[in-house]
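Listed in order, the protein sequences are those of chains A and B. Taken in order, the first sequence gives residues 99 to 228; the numbers are from this note's numbering. Taken in order, the second sequence gives residues 3 to 85; the numbers are from this note's numbering. Note that the Cβ used here is the ideal one computed from N, Cα and C, for glycine as well.
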Amino acid sequence: MRATFKGLLALAALPMIAGSMFAGPAFAAPNPDYARAKAAGTIGELPDGYVAIVGSGDSMLERVVSDINKQRRELYTATAMEKKATVQQMAFVTGCNTIANTKPGEKYQSPDGTWRTRDASAPVRDTRCP
Amino acid sequence: MTRPLTLSNTWVRAGLKRLARLGEDNRRLAVLLLLPLLTSACVTISAPDKPIVINLNINIKQEVVYRLDGDAKALIEQNKDIF
């Protein structure tokens with residue numbers, strides 16, 4: 099029973115994997131605007147594994163944020179399926195790491211929803227982060 | 003030491019008059035219903051002293067966090083452009 103379920107799952111996953119292979123370039127060219135905005139602190143890391151504009155942004159920043167988040171969601175979805183976790187769970191654990199990885203001067207959001215600037219001390223993260 | 007109950011409040015007085023007009027059973031019932039109001043007139047609400055932390059509404063067990071942590075690290079390492 100369990101084996102058949104696994105088989106069905108694999109069958110269901112096949113077209114998705116095949117689809118992702120032919121759906122254009124999976125890894126787009128590095129976005130220089132994103133790198134700049136990240137360093138400038140106009141785009142920051144969220145605890146849920148995605149990025150957002152810090153404060154008031156413009157249409158350029160909005161484009162960058164939605165582009166980065168779209169690519170991240172694709173990665174989370176693929177990995178979550180492989181690891182039998184939910185996309186949200188995969189995104190959350192990655193978010194723990196991206197916030198931990200922020201460099202001094204970069205922005206991240208703490209669990210209470212306030213934007214913070216990373217300094218030399220450890221960032222304020224969700225209590226469930228490893 | 004008991005002091006006579008002074009009722010300056012007309013609202014309370016009107017209520018007592020109405021109470022007097024009620025039948026014996028109804029009066030008992032009314033007194034029973036009003037008793038908690040009289041005994042616990044003061045309700046204190048204290049604000050939490052800790053900062054309010056809004057956790058992400060996500061269902062994840064610690065065991066899952068640790069299981070996915072290595073995959074998350076690999077994901078970031080392999081896709082530095084978007085992380």
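Annotation: I62 of chain B is outside any beta strand (DSSP E) and is labelled neither H nor E by DSSP. Residues of chain B with a Cβ closer than 9 Å to the Cβ of A183 of chain A are, in chain order, I62, V66, R69, L70 and D73. In the DSSP assignment, the residues bridged to K205 of chain A are A:T215. Using a C-beta cut-off of 8 Å, the region 179 to 195 of chain A makes contact with the region 144 to 161 of chain A, since at least three inter-stretch Cβ pairs fall below that distance. The continuous stretches of alpha helix (DSSP H) do not include G155 of chain A, and DSSP gives it neither H nor E.
Within a 10 Å sphere around the beta-carbon of E65 of chain B sit fewer than 16 other beta-carbons, which makes this residue exposed. Distance from the Cα of R134 of chain A is smallest, within the candidate group A:E180, A:Q169, A:G153 and A:M158, for A:M158.
Within its own chain, the residues whose Cβ lies closer than 7 Å to the Cβ of T140 of chain A, once the five positions on either side in sequence are excluded, are I151, V152, G155 and L159, listed in chain order. Around the beta carbon of Q80 of chain B, fewer than 16 other beta carbons lie within 10 angstroms, which makes this residue exposed. Of the other Cβ atoms in all chains shown, fewer than 16 fall within 10 Å of the Cβ of P202 of chain A; this residue is therefore exposed. Shown here for K136 of chain A: same chain residues with a beta carbon closer than 7 Å to its own, the five before and five after excluded, namely E204 in chain order. Annotation for D224 of chain A: P145 and P209 place their beta carbon closer than 6 Å to its own, counting only its chain and skipping 5 residues before and after. Interface criterion not met: the Cβ of V162 of chain A is under 8 Å from no Cβ in chain B.
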